[in-house]
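Everything on this sheet refers to the single structure shown next.
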Amino acid sequence: LDFRISHQKLVNDDVIYEIELFLKDLRDENMSDDEQFELHLFQQRLNGEALSEGDEEKLEFLKNERSSRLPIDQRFDVTKSFTMSKGSSQNPTGHGFVKKIEPSFSGRSF
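Once you know that position 40 of the sequence shown is 30 in this note's numbering, the rest is easy, because the numbers rise by one and skip nothing.
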């Protein structure tokens, strides 16, 4: 899969989650029914197919479920992660900061 993420755009948690699902699928990892459903819808969207209103609603519901399960301080904060991912004198790579903000994030700076 060719993901072109421009350095000019902020990468949000939805995009990161979609990429993680595609990678999980590529590695043939066990996926829940919800994850398989979401992956199917993401693939439809990538192929330029329109999603039904019901599918859009279920996708939004699952997204809200995911974010509500995360403790408030661990929900993805784009501005915080991109500010802190530049690093500091104590942590030149900045990776630790990004990882703490989004546990499933690889820690790479885009």
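Where a beta carbon is used, it is the ideal one built from N, C-alpha and C, also for glycine.
Its chain contains LEU31 as the residues whose beta carbon lies nearer than 7 Å to that of ASP45, once the 5 sequence neighbours on both sides are disregarded; these appear in chain order.
By the neighbour-count criterion, in which 16 or more other beta carbons inside 10 Å mark a residue as buried, GLU28 falls on the buried side. Look at SER22 here: in three-state DSSP terms it is coil, with no helix or strand label. One thing to note: LEU11 has its Cβ within 8 Å of the Cβ of GLU25. Taking the Cα positions, GLU19 is about 23 Å away from ASN54. Secondary structure at ASN54: helix, using DSSP grouped into helix, strand and coil. Residue state for LEU13 is assigned as helix, using DSSP reduced to three classes. The three-state secondary structure of GLU46, taken from DSSP, is helix.
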